[in-house]
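For the sequence shown, position 20 (counting from the first letter as 1) is numbered 90 according to my numbering, and the numbering increases by one without interruption. What follows is a single structure, written as structure tokens, with notes after it.
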Amino acid sequence: MKCRGIRGATTVDTNTGDDILAAAKELLQEMIQANGFEEEDIASIHFTTTPDLNAVFPAAAARELGLTQVPMLCGHEMNVPGSLPMCLRILVLINTEKSAEKIIHTYIKGARELRSGSGYKEGSPEAK
């Protein structure tokens, strides 16, 4: 069994707790569905937001989804000029038998532009 990273990103409409939590839940649920993992498979989850999103810790969304035994960490992305604003990213580390090529990374809403280059795997129906 290997530890593999699954990346995902989305954009959030406004800097409110409700919008951040809704976006985090939607993205995390799509990542879980696309890759078929369960809580017991998760080693950890790292959430980041751009500095313009600070109304709530996005990890609270995972707790609301019932992921109560998973170590989680929240942080801010670097404030790089010209980068995508209002962006929430998730990195889930899972223990799996899947090869790296079988992992589906999920980019939805405005974050689809982050992975429009080579090697991009569209991970959700909305991203297609």
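Glycine residues also receive a C-beta, built at the ideal position from the N, C-alpha and C atoms.
Leaving out five residues on either side along the sequence, give the residues of the same chain with a beta carbon under 6 Å from the beta carbon of residue i.
i	result
I76	M101, N105, V162, I173
C73	A113, L163, N165
Which residues in the same chain have their Cβ closer than 8 Å to the Cβ of residue i, if we skip the five residues on either side of it in sequence?
i	result
S153	T120, E147
N85	D122, L123, N124, A125, M156
Between the C-alpha atoms of residue i and residue j, what's the straight-line distance to the nearest angstrom?
i	j	result
L184	E167	27 Å
A131	I115	12 Å
G78	R182	10 Å
T80	S169	25 Å
V150	L143	21 Å
T176	F127	20 Å
D60	F107	The shown model of the chain, from 71 to 198, leaves out residue 60, and the question about it has no answer.
G180	E96	14 Å
If you drop the 5 nearest sequence neighbours on each side, which residues of the same chain put their C-beta closer than 7 Å to that of residue i?
i	result
E109	L137, Q139, V140
L98	A131, A132, L135, I160
V82	D89, I90, A93, L123, M156, L158
Residue i: which of the options sits nearest, CA to CA?
i	options	result
D111	M71, G180, L135, L91	M71
L91	E171, T118, T176	T118
Would you say residue i lies against chain D (beta-carbon separation less than 9 Å)?
i	result
G145	The structure shown contains no chain D; it holds only a single protein chain.
Let me know the secondary structure DSSP gives residue i once reduced to three states.
i	result
A113	strand
M101	helix
A125	coil
I164	strand
G136	coil
I173	coil
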